[in-house]
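Residue numbers (my numbering): 20 to 194.
First the structure, in the form of structure tokens, and then the observations on it.
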Amino acid sequence: MPKTLAAMLAGSVAMLAGCTTLADVPTSRVGQATLSFANGLPAGTAQLLRDGSGLRIVVAATAMAPGPRGFHLHTTGKCEAPGFTSAGGHLNPDGRKHGSQAPGGPHLGDLQNLEIGANGSGAATLEIAGGEAALAAIFDADGTAVVIHAAADDYRTDPTGNAGARVACGVLRRG
């Protein structure tokens with residue numbers, strides 16, 4: 020067996036060995052966003068992936084202050100600086116309360132906090148509740164923004180989770 024083929028097979032086996040099931044292996048990217056700070060500098064990326072279990076969002080952020088940061092999908096695909104308020108509130112097509120710890124919650128756009136390390140970067144892979152059905156709300160007529168906040172989300176305060184100012188934003192685009 021040629022060395023390159025053996026190396027490719029070994030890499031594939033190693034990749035699959037890290038997964039709990041084949042359902043965890045992404046099958047396609049259905050959306051992506053480039054995150055920016057209010058001054059226009061890059062803040063990271065987000066990718067919306069389909070896998071055998073549904074939808075996941077993969078985020079990589081950089082140049083941020085260390086600590087937990089609120090991370091949400093917002094209802095409008097606009098990221099106008101300086102405060103990114105053009106992104107609207109959290110994506111909430113079902114009219115639920117904010118946060119996984121709130122009775123009647125969470126919003127579709129409520130995600131787990133993004134942990135930023137001492138080096139100013141952080142990454143996470145998070146499940147999107149609602150799976151495939153969420154795509155209609157995410158890619159509706161006015162789109163959806165991905166927003167990182169200045170503080171941690173408390174997972175219960177309605178409607179924002181007390182996550183503070185919006186420090187980075189990107190619009191999810193198909194593909």
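We put the beta carbon where it would ideally sit given N, CA and C, even for glycine.
Note that this is a predicted model, so its numbers are computed, not measured.
Could you have a look at residue i and say whether DSSP puts it in helix, strand or coil?
i: E151; result: helix
i: S55; result: strand
i: A143; result: strand
i: S105; result: helix
i: A156; result: helix
i: G194; result: coil
i: H117; result: coil
i: R175; result: coil
i: T163; result: coil
i: R63; result: The amino acid occupying residue 63 in the given sequence is Gly; Arg does not appear at that position. Reduced to three states, the DSSP call for G63 is strand.
i: A100; result: coil
i: L41; result: Confidence at L41 is low in this model, with a pLDDT of 46, below 50, so its placement is unreliable and the value that follows should be read with caution. Residue state, collapsed to three classes: helix.
Using only CA atoms, which one of the options lies nearest to residue i?
i: T46; options: R69, D113, I135 and F56; result: R69
i: F103; options: G128, A137 and A164; result: A164
i: G189; options: S105, G180, A121 and R48; result: S105
i: S55; options: G73, T81 and R48; result: T81
i: Q51; options: G59, P61 and Q66; result: Q66
i: S119; options: H168, Q131, A171 and N138; result: Q131
i: D159; options: L110, C98 and A169; result: L110
i: R14; options: N58, R48 and G162; result: Outside the shown range of the chain, which is 20 to 194, sits residue 14, and nothing can be said about it.
i: L154; options: G123, S140, A100 and G194; result: G194
i: L127; options: G139, P112 and G136; result: P112
i: A143; options: G150, G149 and I135; result: I135
Which residues does DSSP pair with residue i in a beta bridge?
i: H168; result: R185
i: L133; result: R88
i: L74; result: R69 and I147
i: H93; result: H109 and A164
i: G50; result: L67 and R193
i: A82; result: According to DSSP, which records beta bridges pairwise, A82 is partnered with nothing at all.
Just checking my contact of residue i with residue j at CB under 8 Å: how many whole Å lie between their CB atoms?
i: A62; j: A187; result: 4 Å
i: I147; j: L74; result: 4 Å
i: L191; j: I157; result: 6 Å
Say yes only if the C-beta of residue i is nearer than 7 Å to one or more non-hydrogen atoms of the ligand GTP, and no if none qualify.
i: L68; result: This structure lacks the ligand GTP, and indeed carries no ligand of any kind.
_Check whether the stretch 178–188 and the stretch 81–94 are in contact - that is, three or more C-beta pairs closer than 8 Å._
yes
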